[in-house]
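Structure first, then comments.
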Amino acid sequence: MNKNDIVTVAITDINQDGEGIGKVDGYTLFIKDTVIGDIAKVKIIKAKKNYGYGKLVELVIPSEKRVQPRCQIASQCGGCQLQAYSYKEQLIFKENKVKNNLGRIGKVKDCEYRPIIAMEDPWHYRNKAQFPVGKDKEGNLITGFYAGRTHSIIACKECLIGVEENQEILTIIKNFMMEYSLEPYNEKTYTGLIRHVLIRKGYHTGEIMVCIIINGVKLPYGEVLAERLAVIPGMKSIMYSINKEKTNVILGKEIKKLWGEWAIKDRIGEIVFEISPLSFYQVNPIQTEKLYQKALEFAGLSGKEVVWDMYCGIGTISLFLAKKAKKVYGVEIVAEAIENAKQNAKRNGIENVEFFVGKAEEVVPAWYETTKEHVDVIVVDPPRKGCDEILLHTMVKMQPERIVYVSCDSATLARDLGILEEMGYKTEIVQPVDMFPQTVAVEVVCQIIRK
Ligand code: SAH
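Take the sequence shown: its letter number 383 is residue 1206 in my numbering, and every next letter is one higher.
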């Protein structure tokens, strides 16, 4: 197979990024914008020894699994890789992805795979969006999203998985920038001021936060912008964040307030949470509640247990569990999040919790070394890269009866389950939750027990 060859191929599978997979005489091709079941005419754009990448030229026979993407820029934008699949097919893809990863990477066997918990309406679920600000080829100011695997911005007027207010907020910011001649940040020359706009909305409270990320120390005419944004119903907090680093990390560490509160509030179940810009908060409020209910169920608490919640963020899972446990300890690396966690415990009158700032893999081993306290249940909810191996070893040393693993990446989950299974633990139940409809991402919560 050579570059620029044109071939006709049947799409038989889908990879982790949502690209269709087809084989021509044993040679594997990855083809964006194709769906399992398509017969497609494809142009080879990159040919390696054993596999290559193709570009869709023409759909010879479209798959029955196909639907018309609702969003007009679904194919260019990197956000929703699965919009061309019906929701039912998306769910099948995710269940298979979890099973395949756990079996192949983790060698996990004989566990109960529960059907994925789906959304009734898989649109407009995201409570948070981070829009890069830039210019298009004609030099017009745009906000939008990065095109898949690139850093070029695709202008986006109405994101169908985001909240409605995003558009009005972005329009106000763009008009303000034009009026006061404020330049967007240029990622190549590191010049310009406005880098990103972060918007968060509390699903139950309706409270909105806007944070403008700037490559500078002050937002000129910030008070004018604040005045214009403040009239939007629900607006509670307007800030800016200073980020002068040459980095892909969006938020800078320094946050300044322009107007309103330092944080917004939201509710999950009966518990009210305060959320700062730097704190992690689950993006799908409807599914989060279902996820935490499962975590609680898998923790199997009777009221007598000592529990650790590792990678606890603003203490969401910790406080969810605290009402049913004797004591909950939480650890989290972001100091602001722990400040929120402590406030959240106080606000909800929960006293049997204790929070630590630091790396889980440093804080927990040191804590166990000094206290030797027996722990009944451990909950972990790490970022995509999964748990640090030192932490996994410490967890096993602590000998909890149950471990509840909440994961946003089934490949690293599988790796960690493999390690835990080698050390005397057994994966019992695997429960996927569809937190990110239209995208390839899948959340999983597992119950693991001591053998
Ligand atoms: N359980 C929380 C947060 C989960 S996200 C919730 O459901 O809301 C993962 C969290 O791990 C983030 O808050 C991140 O800041 C934190 N984190 C990342 N690396 C860490 C580490 N090494 N030790 C402790 N926390 C870490």
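Ideal Cβ positions, reconstructed from N, Cα and C, are used throughout, including at glycine.
Note that the structure is predicted; figures quoted are calculated from it, not measured.
Between residue i and residue j, is the Cβ-Cβ spacing less than 7 Å?
i, j, result
"residue 949", "residue 984", "yes"
"residue 1074", "residue 1060", "no"
"residue 866", "residue 855", "no"
"residue 1121", "residue 1154", "no"
"residue 908", "residue 888", "yes"
"residue 934", "residue 1253", "yes"
"residue 834", "residue 851", "no"
"residue 1049", "residue 989", "no"
"residue 895", "residue 970", "no"
"residue 1112", "residue 1094", "no"
"residue 1255", "residue 1267", "yes"
"residue 1234", "residue 928", "yes"
"residue 1007", "residue 957", "yes"
"residue 978", "residue 995", "no"
"residue 864", "residue 883", "yes"
"residue 930", "residue 1241", "yes"
"residue 1036", "residue 1066", "yes"
"residue 1089", "residue 1028", "yes"
"residue 1265", "residue 917", "yes"
"residue 1223", "residue 1198", "yes"
"residue 1081", "residue 1045", "yes"
"residue 1251", "residue 1270", "yes"
"residue 941", "residue 905", "no"
Quick check on residue i: does DSSP put it in helix, strand or coil?
i, result
"residue 1233", "helix"
"residue 974", "coil"
"residue 853", "strand"
"residue 1194", "helix"
"residue 1241", "helix"
"residue 1076", "coil"
"residue 1021", "strand"
"residue 1036", "strand"
"residue 1140", "helix"
"residue 826", "coil"
"residue 1265", "coil"
"residue 1133", "strand"
"residue 863", "strand"
"residue 833", "strand"
"residue 1148", "coil"
"residue 846", "strand"
"residue 1220", "helix"
"residue 1028", "coil"
"residue 1249", "strand"
"residue 1156", "coil"
"residue 1259", "coil"
"residue 967", "strand"
Using 8 Å for Cβ pairs, my map puts residue i next to residue j. What's the rounded Cβ distance?
i, j, result
"residue 1118", "residue 1229", "6 Å"
"residue 1018", "residue 1038", "6 Å"
"residue 1247", "residue 1274", "5 Å"
"residue 1149", "residue 1128", "6 Å"
"residue 1142", "residue 1171", "6 Å"
"residue 1144", "residue 1258", "About 19 Å separates the two Cβ atoms, so there is no contact after all."
"residue 1181", "residue 1156", "7 Å"
"residue 1086", "residue 1097", "5 Å"
"residue 1020", "residue 1033", "7 Å"
"residue 901", "residue 972", "7 Å"
"residue 1137", "residue 1104", "6 Å"
Buried or exposed: which applies to residue i, given that a residue is buried once 16 or more other Cβ atoms fall within 10 Å of its Cβ?
i, result
"residue 1183", "buried"
"residue 886", "buried"
"residue 1047", "exposed"
"residue 1225", "buried"
"residue 1238", "buried"
"residue 1031", "buried"
"residue 1100", "buried"
"residue 1194", "exposed"
"residue 962", "exposed"
"residue 871", "exposed"
"residue 939", "buried"
"residue 1275", "In the structure as shown, the chain starts at 824 and stops at 1274, and residue 1275 therefore has no counterpart that could be examined."
"residue 1160", "buried"
"residue 1004", "exposed"
"residue 1168", "buried"
"residue 924", "buried"
"residue 842", "buried"
"residue 849", "exposed"
"residue 829", "exposed"
Looking at chain C, is there any beta carbon in it that lies within less than 7 Å of the beta carbon of residue i?
i, result
"residue 1136", "Among the chains of the structure shown, chain C does not appear; only one protein chain is present."
* To do: Could you tell me which uninterrupted alpha helix (DSSP H) segments, each at least 4 residues in length, are contained entirely in the stretch 873-958, listed from first to last along the chain?
  => With a minimum length of 4 residues, the continuous alpha helix (DSSP H) runs that stay inside the stretch 873-958 are 910-927.
* Which full runs of the alpha helix (DSSP H) of 4+ residues lie inside the stretch 982-1011, going along the chain? -> The stretch 982-1011 contains these whole alpha helix (DSSP H) runs: 988-1002.
* What residue ranges within the stretch 1159-1216 form continuous alpha helix (DSSP H) runs of no fewer than 4 residues, ordered along the chain? -> Secondary structure in the stretch 1159-1216: the alpha helix (DSSP H) runs of 4 residues or longer, each lying completely within the stretch, are 1183-1194 in chain order.
* Hey, which unbroken runs of the beta strand (DSSP E) at 3 residues or more fall wholly within the stretch 1045-1129? -> Here the runs fully enclosed are 1058-1065, 1077-1083, 1087-1091 and 1094-1098.
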